Structure formats: structure tokens, C-alpha cells
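288 is the number that our numbering gives to position 288 of the sequence shown; each next residue is one higher, with no gaps.
C-beta atoms are modelled at their ideal positions from N, C-alpha and C, and glycine is treated no differently.
If you're wondering where the values come from, they're calculated on a predicted model, not measured in any experiment.
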Amino acid sequence: MAKKVALLILDGWGLGDGTKADAITIAKTPFVDSLLQNYPNSTLVTSGEAVGLPEGQMGNSEVGHLNIGAGRIVYQDLGKINKAIKDKTIDENPVLLEAFAFAKKNNKAIHFLGLLSEGGVHSSQKHLLKLCDMAKDNGLKDVFIHAFTDGRDVDPKSGFGYLSVLQQHLGQSAGKIATVIGRYYAMDRDKRWERIKLAYDAMVYGQGTFTKDPLAAVKENYENGITDEFLKPIVVLGDEGLPVATIKEGDVVICFNFRTDRCREITMALHQQDFPEFEMKKLDLYFLTLTKYDDRFTDVKVVFEKDKPANTLGEVLEAHGKQQVRIAETEKYPHVSFFFSGGREEPFHGEKRIMIPSPKVPTYDMQPEMSAFEVTQAIVEEIEKNEPDFICLNYANPDMVGHTGDFNAIVKAVETVDACTQKVVEKGLEKG
């Protein structure tokens, strides 16, 4: 009789150095420990060239799920875009050149928006600097930057340095900083539209904390204990005391994040649909994204189209008539669906998707269990009832709580996942 397979992805659970700062070693994980003691196991390299990234570049959830689902190395957008800059082919990119020509011909502003960071997970500051240079080379003067500060994939106070580098570069390039917004607001992916609204209102209406010196405003936030990720919108004023720029109907907007998941919501609010309950109205914009964020988006031009791998695991299972289940809480739902399927949005025939809502808390150290117990209950019921041939399950806790840096909360998150993993594995073994 054919065996069924369950792939449990304990997101963020890695092999540490065993020191007192290693929460996974410190946590009590009797079940995962027993698996390692009683079953064959091995390790995987999850960074750099092993997963299609430049040498030395840390991996991330998107890259990991993409490679696992494809079963081979999938070369990532970061390397592809870096190469286009290095060999200067980006200078001839027709999508960018047409956007610049449109702005020039129609006397429209260009707005670059995205994560100002060298984390290499969602974006690269080098990409933004190159875009500013291209705007200058194409004779554009009304160029504005809406910088989302990181503090999550990089040091919590590194935004000041990135802004300083940008400010210095703009002295010889095209562009002015218009807004500075923490990624917690501008790059939400959990349908927390009240966060997105703050970013939207800053960029569209010029609402936020006013300043003539964005660097000084960021520094002041640091002094008040607010780090990059959580910076509430800072709106830069010009000499007349008005916002340097707001996004207006007909403007060109270029979102320079290459990773797709965390700029979907801001794209939706600016250009895809109205959100009347949050007083956000879609604008008629000439909208570009560096990569394709969502197959369902309309009237969005893509600078670098994705190479979609063929014969992903989901596709092979479909071809053999197998039933598959993808399950995660909201924070990791795109990873078990879109990314695991190689960038495919729609389910395969025989594929069932289950999304459990993530808890509505400001940061996950406040609820380190997240929705792991609910995910566990849902998949145990699914195994009992339908006995799928394949399961792809993601537990988000070690990654998402790990990002908070709260050691005790991380330990609790890890122990939660250990207990939940035991329930799923035991039910799976019971059902073959």
C-alpha cells in the first residue's frame, strides 16, 4: 500500500551554536529531540548559492519554500536584478524606459516606494540608487522616494545609516525623500488594513509627523525608543512648509521590492481596489512593480518577469491524481501556497488550502503560541476525515516570534511547536 507523506515546516527552526542565546537549544523540545535520536536525519544549507542567492546572502522563508516545492535550486530575483545592473542591461529595460518616457511626456511625478535596506530579503538599496540614476539619465526631475524602514532583517536602528547613504547619493542623482515609514505599517501582509492606511495617508495625503530633516526625525524616534520597523509615518516638508510630494492621480509609481508578499497590500490600496471602511480609494496610476506580486493584479507593469519552475511537487502530485493539503496561519499562508507552487496562485486539481487566521496582536512576542494550536487541530481533523496523500504544513512561530528578539517568548514559541508537531506526527503515523 502506498504511503502518505506529511511535510512539516518548522519555520525559523535551525541548528544553533548551543550557547545561552540559542533559544531552540534552551527550549524543552522532547518530541523533536526524540525524532532526531530515533530516525535518520540530515541538514540542509538554506542560504547563498545553495538556494539560488548570491554567495553569502542569508536565506528567507520565500526562498526556502520555493526551493523545497521545486525540488531543485531556483535562482532568485536578487541575483537576476544585480546581474542586470552589473551588465547594464537594466539601462535598456523597456518597461522602465516606457514609464520614464510617460512621466516626461505627461509632466508627471515618479514615486519610488519600497524597503530601504541591504537585508537582501525584500529589496536592495542598490536597486533604488540605480533607479534614481536612471531617472536622472532620462531627464526626470520630479522624482520622489517613499522609504520603508526595515529593522527586522537588519539592525533595528540601521535605517538612519541607509537614509544617510540615500541622501548623499541623491546629491548627484535624481530624487527627494518624501516620506519615511516603518515596514510594520507599509508592508503588512496580515490584512491589518489599519496599518496600511497610515502608510497610504502619508503617501497620498501627506499625513504624518512633519519634518524638514528626515534624519533628525528618525533619530528622535530612536531616542524615544521607537526603532525602524515601527516608525510611524514621517512626512518631509519642502521650503514652502508643504509636503515635498504626495502621490496624485496619473503619477508613475515604481515599487522596488523584489520579494512579492509584503508589498501586495499597499499595491492593492493604492491601485487595485477601494477600501471604503478605511477611507482608502484606488488611484489611477501608471504602476510598476520590480517583480510580479500577484497574477490577479490588473494594470500593473512588471519590470522583471519571474521564471516559474515546471514540475513542482504540487504539479507532480496533480499529474498522479493525488490529494494534497496546504495549511498555515495567515502569516505563512502565501509560503505554503504561492511560493511552494513555484509562484502559482491558483490551486492544483486535488489541492485543498486551509488558512487559519493569525492572532491580532501588535507583535507576536505577546502571543508566542500564535495560531499553532488551531493549525494543529485543523490538520488533525483533516487527516482523520479525508486522509490526504500529501500535507504541506507550516508552523510560523520560531520565525515570527524570533524576529521580535524576545528570548522568553521565543522559547515558548519553540516549545509550542514541539508539542503541536507531536500531535500531527502521531495522528499521521496512526493513519499511515
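Query, Result
"Note down the Cα distance separating E305 from Y293, rounded to an integer number of angstroms.", "10 Å"
"Please give the ranges of any alpha helix (DSSP H) in the stretch 362 to 426, keeping only runs that are unbroken, at least 4 residues long and fully inside the region.", "372 to 386, 397 to 402"
"Cα separation between A439 and T227?", "Here the chain has residues from 1 to 432 only, and residue 439 is not among them."
"Determine the direct distance from the alpha carbon of L166 to that of L270, and round the result to whole angstroms.", "24 Å"
"In the DSSP assignment, find the unbroken beta strand (DSSP E) run with I145 in it and report its ends.", "143 to 149"
"Kindly indicate which three-state DSSP category L322 falls into: helix, strand or coil?", "The question names Leu, yet the displayed sequence has Lys at residue 322. DSSP places K322 in coil when its eight states are reduced to three."
"Compute the Euclidean distance between the alpha carbons of I68 and A101, then round it to the nearest angstrom.", "41 Å"
"In the DSSP assignment, what residue or residues form a beta bridge with H111?", "F144, V253"
"Spatial neighbours of F275 within its chain, please: CB distance less than 7 Å, with the 5 preceding and 5 following residues excluded, ordered by chain position.", "W193, A269"
"Please determine, among S341, D11, E426, E346, the residue with the shortest C-alpha to C-alpha distance to E381.", "E426"
"Express the C-alpha separation of K136 and K105 in angstroms, rounding to a whole number.", "15 Å"
"Do you know offhand how far G120's Cα is from R183's?", "15 Å"
"What does DSSP give as the partner residues of K352 in its beta bridges?", "V325"
"Kindly indicate which residue of V74, R296, S371 has the alpha-carbon position closest to the one of K360.", "S371"
"Any idea if M187 is buried or exposed, counting beta-carbon neighbours within 10 angstroms, 16 or more meaning buried?", "buried"
"Tell me I24's beta-bridge partners as DSSP assigns them.", "Partner(s): none; I24 has no beta bridge."
"Do T330 and M355 have their C-beta atoms within less than 8 Å of each other?", "yes"
"Return helix, strand or coil for G161, following the three-state DSSP convention.", "helix"
"Given that a residue counts as buried once 16 or more other Cβ atoms are within 10 Å of its Cβ, and exposed if not, what is G405?", "exposed"
"Using DSSP with H/G/I as helix, E/B as strand and the rest coil, what is G182?", "strand"
"I need the boundaries of the alpha helix (DSSP H) containing A269, first residue and last residue.", "Element bounds for A269: n/a, residue is neither H nor E."
"Please determine, among K352, L313, Q324, S61, the residue with the shortest C-alpha to C-alpha distance to D11.", "S61"
"Looking at C-beta atoms only, is the number of pairs between the stretch 114 to 133 and the stretch 205 to 214 that lie closer than 8 Å three or more?", "no"
"Shortest alpha-carbon distance to V180 belongs to which of V154, A245, D155?", "A245"
"Using CA coordinates, which residue listed in L113, L115, D133, G48 is at the minimum distance from I90?", "D133"
"Work out the CA separation of E387 and K3 for me, nearest whole Å.", "11 Å"
"CB-CB under 6 Å to S337, same chain, minus the five flanking residues each way: which ones, in chain order?", "R326, R353"
"Taking Cβ to Cβ, would you say T149 is nearer than 8 Å to L198?", "no"
"Could you tell me whether the Cβ atoms of V300 and L290 are closer together than 8 Å?", "no"
"Where does I234 fall in DSSP's three states?", "strand"
"Give the C-beta separation of V316 and L285 to the nearest angstrom, bearing in mind that I take them to be a contact with Cβ-Cβ under 8 Å.", "Not really, about 40 Å apart at Cβ, beyond 8 Å."
"Pick helix, strand or coil for K176, following the three-state DSSP scheme.", "strand"
"Find the nearest neighbour of S164 within the set P334, G343, D213, judged by alpha-carbon distance.", "D213"
"Taking the Cβ atom as the reference point for each residue, do G64 and E55 lie within a distance shorter than 8 Å?", "no"
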